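Have a look at the structure below, then the notes.
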Amino acid sequence: QVQLVESGGGLVQPGGSLTLSCEASESPLSMNVMGWYRQAPGKERELVAEVNSGHTMTYADSVKGRFTISRISAKNTVWLQMNSLKPEDTAVYYCHAEQLVLRAHYWGQGTQVTVSS
Numbered sequence: 001q002v003q004l005v006e007s008g009g010g011l012v013q014p015g016g017s018l019t020l021s022c023e024a025s026e027s028p029l030s031m032n033v034m035g036w037y038r039q040a041p042g043k044e045r046e047l048v049a050e051v052n053s054g055h056t057m058t059y060a061d062s063v064k065g066r067f068t069i070s071r072i073s074a075k076n077t078v079w080l081q082m083n084s085l086k087p088e089d090t091a092v093y094y095c096h097a098e099q100l101v102l103r104a105h106y107w108g109q110g111t112q113v114t115v116s117s
């Protein structure tokens with residue numbers, strides 16, 4: 001059974017950096033899309049960044065120039081480097097993966113990112 005295993009959340013001061021990582025374990029096929037969503041209290045879940053198997057990257061406007069997504073397709077692993085963090089980046093971050101052949105979407109359990117002084 002495919003599981004998305006996340007790591008790297010935590011507490012950081014404004015202006016600081018964090019790196020999130022996610023690996024799709026036990027996946028028989030390469031994921032077509034991997035990325036990160038986030039959900040702040042009282043708000044809907046939103047796309048932060050994603051990258052497809054052709055390495056085309058999409059970013060939310062609010063994180064462009066501050067966050068960088070990268071992946072190793074052969075290992076079904078994706079990272080999110082977050083720099084110049086702001087208090088409004090505080091949220092639970094969820095890894096997401098999509099496999100088109102299997103028509104399957106997978107979600108991680110979520111990791112808390114808190115930006116506060």
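So the sequence shown is residues 1 to 117, counted in my numbering.
Each residue gets a CB set at the ideal place from its N, CA and C atoms; glycine is no exception.
The structure presented is a predicted model; accordingly, all values stated were derived computationally and were not measured.
Fill in: Assigned secondary structure, Ser70 (DSSP; H/G/I helix, E/B strand, else coil)
Along the sequence shown, read from residue 1 onward, the residue named residue 70 stands at position 70. If DSSP states are grouped into helix, strand and coil, Ser70 belongs with the strands.
Worksheet item: Met57 and Ile69 look like a contact to me (Cβ under 8 angstroms); what is the Cβ gap, rounded to whole Å?
Response: By 1-based counting over the sequence shown, the position of residue 57 is 57. By 1-based counting over the sequence shown, the position of residue 69 is 69. Yes, they are in contact, since the Cβ atoms of Met57 and Ile69 sit about 6 angstroms apart, within 8 angstroms.
Fill in: First through last residue of the beta strand (DSSP E) which encompasses Val92
The sequence position of residue 92 within the sequence shown is 92, counting from 1. It spans Ala91 to Gln99 - the beta strand (DSSP E) in which Val92 sits, taken as one unbroken run.
Item to complete: For Ser7, name the three-state secondary structure that DSSP assigns.
Response: Your numbering for residue 7 matches position 7 in the sequence shown. In the structure shown, Ser7 sits in a strand (DSSP, three-state: E or B).
Fill in: Cβ distance (whole Å) where Tyr93 is taken to contact Thr111 below 8 angstroms
Here the question's residue 93 lines up with position 93 in the sequence shown. Here the question's residue 111 lines up with position 111 in the sequence shown. Indeed they touch by this definition, with Cβ atoms about 5 angstroms apart.
Worksheet item: Relative to the C-alpha of Thr19, which residue among Ser53, Lys86 and Gly10 is closest?
Response: As a first step, residue 19 must be located in the sequence shown, where it is residue number 19. With respect to the C-alpha of Thr19, the residue from Ser53, Lys86 and Gly10 having the closest C-alpha is Gly10.
Fill in: Glu98 versus Pro14 - alpha carbon distance
Within the sequence shown, the letter at position 98 stands for residue 98. Within the sequence shown, the letter at position 14 stands for residue 14. Each residue's alpha carbon lies about 32 angstroms from the other.
Discussion item. Here's the rule I'm using: 16 or more other beta-carbon atoms within 10 Å means buried, otherwise exposed. How should Arg38 be labelled?
Written reply: Position 38 of the sequence shown, counted from the start, is the residue given in the question as residue 38. Buried, since its Cβ has 16 or more Cβ neighbours within 10 Å.
Item to complete: For His125, count neighbouring Cβ atoms within 10 angstroms of its own Cβ and tell me buried if that reaches 16, exposed if not.
Response: Outside the shown range of the chain, which is 1 to 117, sits residue 125, and nothing can be said about it.
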